[in-house]
Amino acid sequence: MLGSYRVVYNQTLALKQEAYELNKTNLSLCDLSKYFHGTMLKDEKYSWLKKQNTKVMKQAIRQMLTAYDNFFKLHKGFPKFKSKKDKQSALFSLEAISKKNTFETKHISLIKSLKNIKFRCSDLYFKRLQTYKDSIRSATLTKTKSGNYFLSILMDIPQNEFVKFKNTNKQIGIDLGIKDFVITSDGEVFENKHLFEKQERKLKRLQRQLSRKQKGSNNRNKQRIRIAKVFERITNQKENYIHSVVNELLTYYDTIYMEDLNVSGMMKNHSLAKPIQEVGFYRFKSVLQSKVLANDKQVVFIDRFYPSSKTCSCCGYKKKDLKLTDRFWACPKCNIKHDRDINAARNILIEGQRVLCG
């Protein structure tokens, strides 16, 4: 199924690119569907596609067109051809999901070739699945590089189902860093776990072993999967930690102020790119925004150029010659000694309150 989905995606992407390069023709969903039904399904080379669910295969075309549109409208990366060595996924629309699912047990049926599949999930998710089974809109089957399979189910669920945190009427400013991950204006510090760094030696050893394996061999493929599992473990640990930090903040605060960091711009600095990617600034921002929206709380962004580190949070004095290596500094005007990051978080709180009040 996933291999067929990948082939349809790649073939229609190639056709769309070729048509545009030859005569500037922009092929539509209708054009590509005709190519799929009229050419691919009749070609002996793709005879095995006839065994696949055509509704699912057409989703591959839609997914490719969405990626194409996102490149022009949202300035995202240009669509790439999918490889069987990379993560693979297939979208099942409502029409391609079996209507016989009762979810009395942890089993699901999608199309004829994917029936009664056993799955694992939390008790909370399973209860939601049982309660809102008639509100399922689509499902996405994903195979990771390590060979694990995941099914993501999209459902219409009332907003109050996601309310997890009570209102506290409290506010906090936070500063994101590399030495420490999140620093609050109250002086609380969430450490940088250095998850990748802890596994770096193991990864280098596994990658050296991979380089000695014969290309195309089963041993090389097994070694590639071992490496993928390490990367997935790091990703999962980072994801869990980010959620735990966000949950901790939203448990005690209703309004969170932070700098509107230009993460993509920061990644262009080669000395900072690796540690920034390791801590996950962009993912933290995304999770925080999602959870404040679901819990009737708010995150307020201040200008990224605001000198939060260089300004004394007590008297407002600006130390223009403050260096990145200066972790502590004393204000020459009021003689207060500052921890660079805590001082920045306090200034973010002050500036954020000013912005919010207008």
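Going by my numbering, the first residue of the sequence shown is number 470, and it counts up by one from there.
The beta carbon of each residue, even a glycine, is placed where N, CA and C say it ideally should be.
Secondary structure of residue 735 (DSSP, three-state): helix. Cβ contact annotation for residue 612 (same chain, cutoff 6 Å, sequence separation greater than five): 471, 557 and 618, in chain order.
Per DSSP, residue 642 is one residue of the beta strand (DSSP E) stretching across 640-645. In this structure, the beta-carbon distance from residue 699 to residue 672 falls below 7 Å. For residue 537, same chain residues with a beta-carbon under 6 Å away, outside a window of 5 residues either side, are 548 in chain order. Under the three-state reduction of DSSP output, residue 762 falls in the helix class. Between the stretch 749-758 and the stretch 703-715, the count of Cβ pairs shorter than 8 Å is three or higher; the stretches touch. For residue 658, the closest alpha carbon among the candidates 650, 563 and 632 is that of 650. Burial is judged here by how many other beta carbons sit within 10 angstroms of a residue's own beta carbon; residue 820 has at least 16 and is buried. Here the C-alpha atom of residue 480 lies approximately 53 Å from the C-alpha atom of residue 792. About 11 Å separates the beta carbon of residue 652 from that of residue 727, a gap too long to meet the 8 Å contact definition. Taking each of 732, 640, 682 and 553 in turn and checking the Cα distance to residue 721, the smallest one comes out for 640. Residue burial annotation: residue 807 is buried, with at least 16 other C-beta atoms found within 10 angstroms of its C-beta.
Under DSSP, no beta-bridge partner is assigned to residue 637. Close CB contacts of residue 646 within its chain, under the 7 Å cut and outside five residues either way in sequence, are with 652 and 810 (chain order). Around the Cβ of residue 798, a 10 Å sphere holds 16 or more other Cβ atoms; the residue is buried. According to DSSP, residue pairing for residue 768 in a beta bridge involves 725. The stretch 733-752 makes no contact with the stretch 777-789: fewer than 3 CB pairs, one atom from each, lie closer than 8 Å. Per DSSP, residue 606 is not a residue of any alpha helix (DSSP H); the beta strand (DSSP E) it occupies stretches across 605-612. Listed in chain order, the non-local C-beta contacts of residue 769 below 7 Å within the same chain comprise 724, 726, 821, 824 and 825, local neighbours out to five positions each way being set aside.
Secondary structure at residue 712: helix, using DSSP grouped into helix, strand and coil. Residue 610 counts as buried, since no fewer than 16 other beta carbons sit within 10 angstroms of its beta carbon. In this structure, the beta-carbon distance from residue 560 to residue 530 does not fall below 7 Å. For residue 661, the closest C-alpha among the options 526, 744, 569 and 519 is that of 744. When DSSP assignments are scanned along the stretch 558-631, the uninterrupted stretches of beta strand (DSSP E) that are 3 or more residues long and fall wholly within it turn out to be 605-612 and 618-624. Across the set 477, 492 and 489, the C-alpha of 477 shows the shortest separation from the C-alpha of residue 503. One Cα belongs to residue 689, the other to residue 553, and the distance between them is close to 15 Å.
The DSSP-derived three-state label of residue 555 is coil.
Cβ neighbours of residue 526 within its own chain (closer than 6 Å, five residues either side excluded): 477. When 635, 621 and 752 are compared, the shortest CA-CA separation from residue 594 is found for 621.
Assignment of residue 745 by DSSP, reduced to helix, strand and coil, places it in the helix class. Uninterrupted beta strand (DSSP E) stretches at least 3 residues long and entirely within the stretch 785-821 occur at 797-799 and 806-808, given in chain order.
Between residue 473 and residue 521, the gap from beta carbon to beta carbon is short of 7 Å.
A straight line joining the alpha-carbon of residue 586 with that of residue 577 spans about 5 Å.
Between residue 634 and residue 764, the C-beta spacing is below 7 Å. Here DSSP, grouped into helix, strand and coil, assigns residue 513 to helix.
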